[in-house]
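As structure tokens, the structure follows; a few thoughts come after it.
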Amino acid sequence: MAFQPSTGEPLGRSTRSAAVQLSGIHKTLGGTPVLAGVTMDIKAGEFVTLLGPSGSGKTSTLMAVAGFIIPDSGKITVGDRDVTNLPPGRDRDMGIVFQNYALFPHMTVAGNIAYPLRVRGMSKAHIKDRVDRALRLVRLEGLADRKPARLSGGQQQRVALARALVFEPSVLLMDEPMGALDVRLKQELKWEIRQLQREIGATVIYVTHDQNEAMLLSDRVALMQDGRIEQYASPEEIYRRPTSIFAARFLGDSNLIAGQFDESAGCMTVAASGKVIPAAWPSGSPCHGRCMALLRPEHARISAATELTTPHSPAQDLTTMGAVLEEAVFMGQSMRYRVHVPDLGCALDVQQVAGAGTTALSPGRQVNVSWDPRDLHLITTETAS
Amino acid sequence: MSERKDLGRAAQSAYLVVVLFLLIFPLLVLIPMSLGSSTTIAAIPQQWSLRWYDEVLGSPEWRSAFGWSMLTATAASIISTSMGYLGAAAMVRSKSRLQPLLQILILSPMMVPAVVVALATYLLSTSLGLDGGWVAISIGQSLLGLPVAALVIAASLRGIDETLLRAAVSLGARDRQVFLTVVLPMALHGILSAFGLSFLIAFDEVLIAIFLTTPSLQTLPVRIYQAVTYELTPAVAVVSVLLMAIVCAGMIIGGLYNWAMKRMVPATSQS
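Sequence lines, in order, name chains A and B. Under the UniProt record's numbering, the first residue of the first sequence is numbered 1, with each subsequent residue one higher. Under the UniProt record's numbering, the first residue of the second sequence is numbered 1, with each subsequent residue one higher.
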């Protein structure tokens, strides 16, 4: 599944990669703002994903970097060059993999890959050498003379990738390159793209609406909504410490409990029930009263109510509440429960590894639900509402 | 049940044969007419001969008329195709608000009666002091081919996904290279069709040619028209048969080309 290390001088590593910086990019198209102040910096050799629902401005951001959208205001630099108003194409020095690959139907695989070299007037021998290496890199050696129409979706995608890489651009842009592929193929290609990027060392900006893709591929994820970046951090950071309700909901599954944070007591009053539960404000973020507590389903545990009598070790310091089991679904690698918790005035989703020793719990049963207060992540809603 | 179906099908076929025969019969009659030996035309000549073929092929008037027609039609179709390409590109890619207006403008020679186009060309060329001549005829005839060429090329340009052009630009192609390496090869079929159609339109165009004709410059259709009015010998039948033969040959070549293209590029993309 992995890319074979290419023999001879590799396409990779020698590739120059450049840092990309966007600051305050605004763009209005047909009266509607599509980009409302996008600011981000991407380090040389970094893999950054623009993640968001459709219409959030991720493709527009990519097209602005590519030069197909000229921003109304703001600045884009690549390395130390200001490229904001540079026309798209050769001077931008970027490879782009388009959503539907945009392979030239009248050229063979080799012809497509050779294209960027041919328009640069490179000699035939040089082109052949580079195309051969690119074909090896994406493992399509045998298909050089095929027309794109006679390739599978995954093969077309690899041709598009090879074509975007063969001229060794300093930045690689990818616009939902796996949007048209089926799930199995996606899974396989994700690993390939990740390894290829590591191998080549190019700066990559990748657009997707698939959170799994973003998680697996990226060094950092820029979560976008309504033409701006909601949060820009590593996938782990966004997952563990989302700074907005949107971020909490978009990446992973979430339970959100509305409440009021009491700074002096270090606890939170649940809005629906008035119950006070221990919670800590994430360090480094401004402290506000009204908040949402995020509890990931896999951080909550449930047990049969009878097990309450066996005291937990105090060192663990878990928050435990009585609940009623509403649903239990077998998901393969885990069990998925939905429990109603009267003390919170809402239902929680709980995900738990389903080992052989797990007690079978049936709906309607009284259970206990518990979690480590450190897994409760608070998000301020003071400014949002 | 199936018998009735068969009967229906047979009736359909018979109908088709009759219609085709009625359409083609007048053309076929020309063949025996061209093979007579007397100076008068007869559907079934009393004596068969190739005399008039000799006569026509050896006649300087007919040969020069054919030559002029080839010249004006070639020039006209070059103008129609190149102008048609530009018009088509504007029709397909322009985002201007004047775009619908442009479309009407390009298609207008199709809607204006040909006599008007002919008269306009004539008056303009005399006022410019051109006094007919092949250049004026070509320009006038190119107007008639222009809308057809534009429509045919527009159809083939619409088939080119705009992301392909973006891809080419992003891969480093300059505008001229995008045109030569992506647009032209992908639209070639349409451009060739446009060229062929506007050539045919110009080749058998009579009105403009009559208006702009000079004693020394007669296109083939004008020559035929005059031959019919003044002499009416089997020569006109011979010319018609020769033209039909040329057209048939052209169609066969075109068909072979299409067939070869389809074999080279089997079934278009699945996506």
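Beta carbons: idealized from backbone N, C-alpha and C, even for Gly.
Answer yes or no: do residue i and residue j have a C-beta to C-beta separation smaller than 8 Å?
| i | j | result |
| --- | --- | --- |
| B/LEU157 | B/VAL241 | no |
| A/ASP219 | A/PHE98 | no |
| B/LEU146 | B/SER94 | no |
| B/VAL238 | B/TYR53 | yes |
| A/ALA149 | A/PRO105 | yes |
| A/THR39 | A/ILE229 | yes |
| B/LEU144 | B/ILE201 | yes |
| A/THR269 | A/THR49 | no |
| A/GLY95 | A/PRO169 | yes |
| A/GLY79 | A/ALA36 | no |
| B/GLY36 | B/PRO234 | yes |
| A/GLN260 | A/GLY227 | no |
| A/ALA214 | A/LEU51 | yes |
With a threshold of 8 Å on Cβ separation, who are the neighbours of residue i within its own chain once the five nearest residues in sequence on each side are excluded?
| i | result |
| --- | --- |
| A/LEU181 | GLY153, GLY154, GLN157 and LEU189 |
| A/LEU117 | HIS126, ILE127, ARG130, VAL131, VAL166 and PHE167 |
Note down, in chain order, each residue of its chain lying with its Cβ closer than 7 Å to the Cβ of residue i, except the 5 sequence neighbours on either side.
| i | result |
| --- | --- |
| B/SER193 | VAL152 |
| A/VAL339 | ILE302, ALA323, VAL324, LEU325, GLU326, ALA347, LEU348, VAL350, VAL367 and VAL369 |
| A/ALA248 | PRO242, SER254, LEU256, LEU294 and ILE379 |
| A/MET63 | ILE69 |
| B/ALA136 | THR121, SER125, LEU130 and LEU212 |
| B/TRP68 | TRP134, LEU217, GLN218 and THR219 |
| B/ALA209 | ILE137, THR219, PRO221 and VAL222 |
| B/VAL236 | ILE224, ALA227 and VAL228 |
| B/SER77 | GLY145, PHE195, SER198, PHE199 and ALA202 |
| B/VAL169 | VAL178 |
| B/VAL206 | PRO221, VAL222 and TYR225 |
| B/VAL182 | LEU164, LEU165 and ALA168 |
Using a Cβ cut-off of 9 Å, pull out every chain A residue sitting near residue i, in sequence order please.
| i | result |
| --- | --- |
| B/ALA260 | Residues of chain A passing the Cβ test: none, with the nearest at roughly 15 Å. |
| B/VAL169 | GLY67, PHE68, PRO87, PRO88, GLY89 and ARG90 |
| B/LEU200 | None at all; the shortest Cβ gap to chain A is about 27 Å. |
| B/ARG177 | It is Gln, not Arg, that sits at residue 177 of chain B in the sequence shown. Neighbours of B/GLN177 on chain A, chain order: ARG118 and VAL119. |
| B/THR219 | Within 9 Å Cβ-Cβ: nothing; B/THR219 doesn't reach chain A, min ~38 Å. |
Starting from the beta carbon of residue i, find every residue of chain B whose beta carbon is closer than 8 Å, and list them in chain order.
| i | result |
| --- | --- |
| A/ALA114 | Result: empty, since nearest Cβ-Cβ is about 10 Å, beyond 8 Å. |
| A/PHE330 | None at all; the shortest Cβ gap to chain B is about 37 Å. |
| A/ILE127 | Under the 8 Å cutoff, chain B gives no residues; its nearest Cβ is about 13 Å from A/ILE127. |
Please state whether DSSP places residue i in a helix, a strand or coil.
| i | result |
| --- | --- |
| A/ARG301 | strand |
| A/SER385 | Confidence is the limiting factor: at A/SER385 the pLDDT is only 41, short of 50, which leaves the residue's position unreliable, though a coordinate-based value still follows. Coil at A/SER385, not helix or strand. |
| A/TYR101 | coil |
| A/PHE167 | coil |
| residue 392 of chain A | One cannot answer for residue 392 of chain A here, as it falls past the ends of chain A, which runs 1 to 385. |
| A/ARG365 | coil |
| A/TRP371 | strand |
| A/PHE68 | coil |
| A/SER14 | Reliability fails at A/SER14, whose pLDDT of 44 lies under 50, so the model's placement of it is uncertain and the value that follows must be treated cautiously. Coil. |
| B/ASN258 | helix |
| A/GLN211 | helix |
| A/LEU196 | helix |
| A/PRO5 | The predicted position of A/PRO5 is uncertain, since its pLDDT is 40 and thus under 50; a value taken from the coordinates is nonetheless stated next. In the structure shown, A/PRO5 sits in coil (DSSP, three-state: anything other than H, G, I, E or B). |
| A/LYS75 | strand |
| B/SER271 | With a pLDDT of 36 at B/SER271, under the threshold of 50, the predicted position of this residue should be treated as unreliable, and no value is reported. |
| A/LYS190 | helix |
| A/SER334 | strand |
| B/LEU124 | helix |
| B/PRO26 | helix |
So which residues of chain A does residue i contact, with C-beta pairs closer than 7 Å?
| i | result |
| --- | --- |
| B/MET186 | HIS106 |
| B/VAL182 | PHE104 |
| B/ARG263 | The contacting residues do not exist; B/ARG263 stays about 13 Å from chain A at best. |
| B/LEU50 | Near B/LEU50 there are no residues of chain A at all, since even the closest Cβ is about 47 Å away, more than 7 Å. |
Near residue i, what residues of its chain come up, given a Cβ to Cβ distance below 6 Å and the 5 sequence neighbours on each side ignored?
| i | result |
| --- | --- |
| A/LYS275 | ASP343 |
| A/GLN211 | LEU251 |
| A/GLN197 | PHE47 and VAL204 |
| A/TYR239 | LEU251 and GLY252 |
| B/ALA73 | PHE199, ALA202 and PHE203 |
| B/ALA150 | GLY84, GLY87, ALA88 and ILE106 |
| A/PHE246 | GLN225 and GLU230 |
| A/VAL34 | LYS27, GLY57, SER60 and GLY227 |
Looking at chain E, is there any beta carbon in it that lies within less than 8 Å of the beta carbon of residue i?
| i | result |
| --- | --- |
| B/GLN99 | Looking at the structure shown, chain E is missing, and the protein chains on hand are A and B. |
I want to verify the contact list: residues of chain A whose CB lies under 8 Å from the CB of residue i, in sequence order.
| i | result |
| --- | --- |
| B/GLY172 | GLY89, ARG90, PRO116, VAL119, ARG120 and PHE167 |
Please compile the residues from chain B whose C-beta is within a distance smaller than 7 Å of the C-beta of residue i.
| i | result |
| --- | --- |
| A/ARG184 | Neighbours of A/ARG184 on chain B: none; closest Cβ ~18 Å, over 7 Å. |
Strictly below 9 Å CB to CB, what residues from chain B border residue i?
| i | result |
| --- | --- |
| A/ARG163 | ALA167 and LEU171 |
| A/ASN212 | Here the premise fails: no neighbours, minimum Cβ distance about 23 Å. |
Is residue i near the ligand ZN, judged by its Cβ being under 7 Å from some heavy atom?
| i | result |
| --- | --- |
| A/GLY154 | The ligand ZN is not part of this structure, which contains no ligands at all. |
- Any contact of the stretch 100 to 113 of chain A with the stretch 131 to 147 of chain A, i.e. 3+ C-beta pairs under 8 Å? Verdict: yes, contact present.
- Task: For the stretch 179 to 199 of chain B and the stretch 101 to 115 of chain B, state whether three or more C-beta atom pairs, one from each stretch, are separated by less than 8 Å.
- Result: In short, these stretches do not touch, since the Cβ pair count stays below three.
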